[in-house]
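Participant:
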Amino acid sequence: MLYIIFSNSSPQPTSNKMKIHAYLLLTIMPFLGLYSGKSPQKLVYKNTKVILNMDDYICSEDQWVYVYGFKSWISGNEETFFDSAFIAKGQHQVELNFKIPCATDAELFFSKNGPSGLGFAVEQDSCLVLNVDESSPFYNTYCCTEATQGSLNNFLHKLMQERDDYCDKLKYYAKEEQTDSINILSNNYLNRLKSVMSEASEAVVLEHCFSFMKYYVPNVNNLNEILQKFATKFDWCNSLKEYYDISITLPPSEEAKKVEKRYAQLNKEKNQCKLLNKDLGERMDLVFEDADGKKISTNDISSPYIFVDFWASWCKPCRKEIPYVKEAVAKHKDAITVYAVSIDNKREAWQKAIEEDSTQEFLQMIGTLRNGTPTRLLKQLNIKTIPANFLLDKEKRIVAKDLRGEQLIQTLDSLMKQ
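Going by UniProt numbering, the residue at position 241 of the sequence shown is 241; the numbering climbs one at a time, nothing skipped.
Here is the structure:
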């Protein structure tokens, strides 16, 4: 019996930098020429530039963007902000500039709308161009996002994609208990790793390879000796040495400790947005998007009453309420508008449920981004359970909530008599 355990997270390394996921290196020969055959040079700080092109979602309000990472040439514990920039509402492009002594990877952190850990890699004397929108992975640290300009970044992005293919095959062979196939696949991949590492001219490439070899290739003999052999190519990069010699790991500097504290605070502030009051009598001003991306506000609706319904395609109790809502609309057609907000993280399932339930007559809105994460407004509403609904009057104040079954019709009947 053969057992291989797979996890979404890597084993905890000895330093923060070593949390990097390495990437599969199969079928990468066309890329090797880009990062091979160069001799290491002395560390000299040179400029690099990152240009971000952002969509309307990212630019919907003022915020800051940070370039966060580690000074791997010092230690895997040396956290830093390479640069930051203010993004004004409606500003669709921003430029970040900083100096680095070698190629490195980093991540983007947006203080309000956008990813909290979008990984990328940059070289010296280069310009990286990234398109960032609401479909960008919310947290994709050390998995370089494909860029419209940036050869090293896209090289590592390719490795990430190939890593996934390798893992899929490994999982399949493990499920089928094909021990020989696992051994052949792993050995071939290990040899490919060694080949790429021998040709690499950037320490960051080795760092990804080291991590993959350590955490994803099973039963590597003399692992530390292999890592040490290749690390000598970049004897100035301390984070590489930390993979095989924990004793040399340096503690973070005072400046790095400040960065760690500040970064934690930024994450806390982003995740703890101000909650909206949903008590009776309070105003509820909502703006969500429909399937076409058009934003519709409850303030744009002129009917005497608005029935705001939070639901999801997978929520059976939600969908059981639909006949009662339809009955209420049929009886008070000119008095009520249904503003249905789905919290589905898969838009295909949302659209399918609308078709199945024949609820096209409702204003069908979506409370999640295209990458499946909740919008900032949905977070502020703090909807804990569904179905959840609110009946708003003409002033957009909450007059009733959590109405079930015949309660909606009965409430409307009572209100219409007043």
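For each residue, glycine too, the CB sits at the ideal point set by N, CA and C.
Rounding to the nearest angstrom, what Cα-Cα distance links Y142 and K320 in this structure?
Facilitator: Residue confidence for Y142 is low, a pLDDT of 48 falling below 50, so the modelled location carries little weight; the figure read from the coordinates is stated next. About 44 Å.
Participant: Is it buried or exposed, Y57, if we count other Cβ atoms within 10 angstroms and call 16 or more buried?
Facilitator: By the 10 Å Cβ count, Y57 comes out buried.
Participant: Examine the Cβ distances between the region 295-304 and the region 371-385 and report whether three or more of them are shorter than 8 Å.
Facilitator: The region 295-304 is not in contact with the region 371-385.
Participant: What residue from C315, N271, P218, A85 has the CA that sits closest to Y166's CA?
Facilitator: Ranking the options by Cα distance to Y166, first place goes to P218.
Participant: With 16 as the cutoff for other CB atoms within 10 Å, does P115 come out buried or exposed?
Facilitator: P115 should be labelled buried.
Participant: For I184, is the classification buried or exposed, using 16 other Cβ atoms within 10 angstroms of its Cβ as the cut-off for buried?
Facilitator: By the 10 Å Cβ count, I184 comes out exposed.
Participant: Could you tell me which of C102, P101, I100, L96 sits nearest to residue 459, measuring between CA atoms?
Facilitator: Since the first residue of the chain shown is 1 and the last is 418, residue 459 is not available in this structure.
Participant: Taking DSSP as the reference, what is the three-state secondary structure of F307?
Facilitator: F307 falls in the strand class under three-state DSSP.
Participant: What are the boundary residues of the beta strand (DSSP E) that includes C209?
Facilitator: Per DSSP, C209 belongs to no beta strand (DSSP E); it is in the alpha helix (DSSP H), 203-215.
Participant: Quick one: Cα of P252 to Cα of T375, how far?
Facilitator: Between P252 and T375, the C-alpha separation is close to 35 Å.
Participant: If you drop the 5 nearest sequence neighbours on each side, which residues of the same chain put their C-beta closer than 6 Å to that of I248?
Facilitator: Cβ neighbours of I248 beyond the five flanking positions: K241.
Participant: Do you know whose CA, among N191, L193, K169, lies nearest I182's CA?
Facilitator: Closest option to I182, Cα to Cα, is K169.
Participant: In angstroms, rounded to a whole number, what distance separates the CA positions of V399 and Q91?
Facilitator: Cα to Cα, V399 sits roughly 39 Å from Q91.
Participant: Alpha carbon to alpha carbon, how far is N191 from S60? Give it in angstroms, no decimals.
Facilitator: Rounded to the nearest angstrom, the two C-alpha atoms are 48 Å apart.
Participant: May I ask you to verify whether the region 65-78 touches the region 98-112, counting CB pairs closer than 8 Å and requiring at least 3?
Facilitator: Short answer: they touch.
Participant: Kindly list the residues whose CB is nearer than 8 Å to the CB of F120, restricted to its own chain and excluding five residues on each side of it in sequence; keep chain order.
Facilitator: Excluding sequence neighbours, F120 sits near V50, D105, A106, E107, L108, L128, L130, C144, T145, A147, G150, N153.
Participant: Starting from N47, trace the beta strand (DSSP E) in both directions and tell me its first and last residue.
Facilitator: Start and end: 46-54.
Participant: For a minimum of 4 consecutive residues, which ranges assigned as the alpha helix (DSSP H) are wholly contained in the region 230-275?
Facilitator: Here the runs fully enclosed are 238-241, 254-271.
Participant: My guess is that I87 and D62 are in contact by the Cβ rule of under 8 Å, so how many angstroms apart are they, rounded?
Facilitator: Yes, they are in contact, since the Cβ atoms of I87 and D62 sit about 7 Å apart, within 8 Å.
Participant: On the DSSP letters alone, give me the boundaries of the alpha helix (DSSP H) that C127 sits inside.
Facilitator: That residue, C127, is in no alpha helix (DSSP H); its beta strand (DSSP E) goes 127-132.
Participant: Can you give the beta carbon distance from N389 to V308, rounded, assuming they're within the 8 Å contact cut?
Facilitator: That belief holds up - the Cβ atoms of N389 and V308 are roughly 6 Å apart, short of 8 Å.
Participant: If you draw a straight line from the alpha carbon of L159 to that of W236, how long is it in whole angstroms?
Facilitator: The straight-line gap from Cα to Cα measures roughly 24 Å.
Participant: Can you check DSSP and say which residues form a bridge with P374?
Facilitator: T368.
Participant: Q364: buried (16+ other C-beta within 10 angstroms of its C-beta) or exposed?
Facilitator: Counting Cβ neighbours within 10 Å, Q364 comes out buried, since at least 16 surround it.
Participant: Helix, strand or coil for Y57 per DSSP?
Facilitator: Reduced to three states, the DSSP call for Y57 is coil.
Participant: At the level of alpha carbons, what is the spacing between D290 and M284?
Facilitator: Straight-line Cα distance between these residues: approximately 18 Å.
Participant: Under a three-way DSSP split, which group does L381 fall into?
Facilitator: Here L381 sits in helix by DSSP.
Participant: Anyone know if the C-beta pair for L206 and K214 falls short of 8 Å?
Facilitator: It is not a contact, given that the beta carbons lie outside the stated cut-off.
Participant: At the level of alpha carbons, what is the spacing between T385 and C209?
Facilitator: Near 44 Å, if we compare the C-alpha coordinates of C209 and T385.
Participant: Within 10 Å of its beta-carbon, does Y3 have 16 or more other beta-carbons around it, so buried, or fewer, so exposed?
Facilitator: Confidence at Y3 is low in this model, with a pLDDT of 32, below 50, so the placement of that residue is unreliable and no value is reported for it.
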